[in-house]
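The block underneath contains the structure these notes are about, expressed in structure tokens.
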Amino acid sequence: AAKHAGVRHRSHQSELDVVAGEQALLAAEMRAALDTGQFRVVYQPIVSLPDGRIVSVEALVRWEHPTRGFVSPVEFIPVAEQNGLIVELGAWILRTACAQAVMWRNELGEAAPERMSVNVSARQLAEPGFADVVASVLAWTGLGARHLIVEVTETAVFGGGQTVQTVKDLHELGVKIALDDFGTGHSSLGLLQTIPVDVLKVDKSFVDGITMAGRHAVIATALIQVSNGLGLMAVAEGVETAEQAAELHRLGYRLAQGYHFGRPVAEPDFTGARVAVV
Ligand code: C2E
Ligand code: CA
Ligand code: CA
Ligand code: CA
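Mapping of the sequence shown onto mature numbering (1 follows the signal peptide of the UniProt record, and there is no 0): position 66 corresponds to residue 489, and the numbering continues sequentially without gaps.
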């Protein structure tokens, strides 16, 4: 890239080779990481805007590499998708998150978050029998299906094969379906007619500019109207400031998630003071 001019002298092709080599290395290390317990799951609160209650949490995977340090899921999830390891890693994340939800329920009772939201990638969704995997995790952990939300993206749903049927099967089990990064795909609205959806996660890109009158606010308003009209829950993603929270609340959003309310952590504080909302 231009910004490296004069610093690096590698050709474009050799940079691609380096990236490919790096990915192959990551792939090999990921196998070992699974076996030696280097992955962790952290939880980010999703709060009710009217009262600041933490109503659910989103499970997000972390990789603590022994020498590289923290590796972002943005880097390793695509690699795990490619080499198929996401199937095993994803099942582990699902078990871990569901088991955690049950522990909180036992420990905290009513103060526990109502729902656990887990990201599912294209490859997992395309795997035959994925709904059975979810059913057996629920049975094994004892978590009620209504306490689980599965987050899918448009790309994952249109990934081909049995994905649409799998989403329907999950919904039949009583699991809630969330459309992640809503509004960023090619057919976000069309998808609402294709699969059963309970939750719309309105992408951060629409939240970012919301306090400046303009396109973002118009789109965010349209999305909450769609959500309300269809009887869905809308979650505004990536809320970083009190001003954004206030504006979303004003536009009719009831649920939000973002650094303003809490970062993803291993043990969110559910018993402490209510999150300052607006
Ligand atoms: P996502 O599902 O859209 O998750 C939201 C991402 O936004 C998370 O990044 C979260 O930490 C970050 N985030 C939350 N609030 C804010 C905010 O206020 N500002 C900003 N700038 N960022 C915020 P993370 O954990 O790095 O994950 C990135 C992506 O990696 C996720 O995007 C998801 O696509 C994927 N991912 C993470 N964990 C998992 C997992 O367990 N399974 C699968 N399949 N994918 C995962
Ligand atoms: Ca998500
Ligand atoms: Ca998202
Ligand atoms: Ca995203």
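Where is the CB? At the ideal position from N, CA and C, for every residue including glycine.
Rounded straight-line distance, which links the Cα of V484 to that of L449:
Residue mapping note: residue 449 aligns to position 26 of the sequence shown, counting from 1. Residue mapping note: residue 484 aligns to position 61 of the sequence shown, counting from 1. Distance between the alpha carbons of L449 and V484: 16 Å.
Since G661 and Q467 should fall inside the 8 Å C-beta cutoff, what is the C-beta to C-beta distance between them, to a whole number of angstroms?
Stepping through the sequence shown from its first residue, residue 661 is reached at position 238. Stepping through the sequence shown from its first residue, residue 467 is reached at position 44. Actually they are not in contact, since the Cβ atoms of G661 and Q467 sit about 11 Å apart, beyond 8 Å.
May I ask whether a heavy atom of ligand 2 can be found less than 8 Å away from the beta carbon of E481?
Reading the sequence shown from its first residue, position 58 is the one you call residue 481. The answer is yes for E481.
Local Cβ density within 10 Å of F493, reported as buried at 16 or more and exposed below that
For the purposes of this step, residue 493 is identified with residue 70 of the sequence shown, where counting begins at 1. Exposed, because fewer than 16 other Cβ atoms sit within 10 Å of the Cβ of F493.
Please report the distance separating the alpha-carbon of residue 388 from that of H594.
Nothing can be reported for residue 388, as the shown portion of the chain is limited to 424 through 701.
Best match in L655, G637, S628 and V590 for proximity to T617 [C-alpha to C-alpha]:
Reading the sequence shown from its first residue, position 194 is the one you call residue 617. Minimum Cα distance to T617 is reached at V590.
Measuring from each Cβ to the nearest heavy atom of ligand 2, keep the ones under 5 Å and list them in chain order.
N542, E574 and D603
By DSSP, does E595 sit in helix, in strand, or in coil?
If you number the sequence shown from 1, residue 595 lands on position 172. The answer is helix: DSSP assigns E595 an H, G or I state.
Is the beta carbon of P536 sitting closer than 9 Å to the one on I469?
Walking along the sequence shown from the start, residue 536 turns up at place 113. Walking along the sequence shown from the start, residue 469 turns up at place 46. Closer than 9 Å, so yes.
Quick one: what does DSSP say P687 is sitting in, helix, strand or coil?
Taking the sequence shown and counting its residues from 1, the one referred to as residue 687 is at position 264. Coil.
Opening and closing residue of the beta strand (DSSP E) in which E660 lies:
Within the sequence shown, the letter at position 237 stands for residue 660. No beta strand (DSSP E) contains E660, which DSSP labels as neither H nor E.
Note the first and the last residue of the continuous alpha helix (DSSP H) segment covering E452.
For the purposes of this step, residue 452 is taken as the residue at position 29 of the sequence shown. Run containing E452: H435 to D458, per the alpha helix (DSSP H) assignment.
Through-space distance from L561 to G567, alpha-carbon basis
For the purposes of this step, residue 567 is taken as the residue at position 144 of the sequence shown. For the purposes of this step, residue 561 is taken as the residue at position 138 of the sequence shown. The straight-line gap from Cα to Cα measures roughly 7 Å.
Please report the residue range of the alpha helix (DSSP H) in which Q648 lies.
Taking the sequence shown and counting its residues from 1, one reaches residue 648 at position 225. From DSSP, the alpha helix (DSSP H) with Q648 extends over R638 to G652.
At a cut of 8 Å, does the region 596-610 reach the region 620-627 through at least three beta carbon pairs?
In this structure the region 596-610 touches the region 620-627; the number of beta carbon pairs closer than 8 Å is three or more.
For ligand 1, is there any heavy atom lying closer than 8 Å to the beta carbon of Y676?
For this step, residue 676 is matched to residue 253 along the sequence shown. Y676: no, Cβ never under 8 Å from ligand 1.
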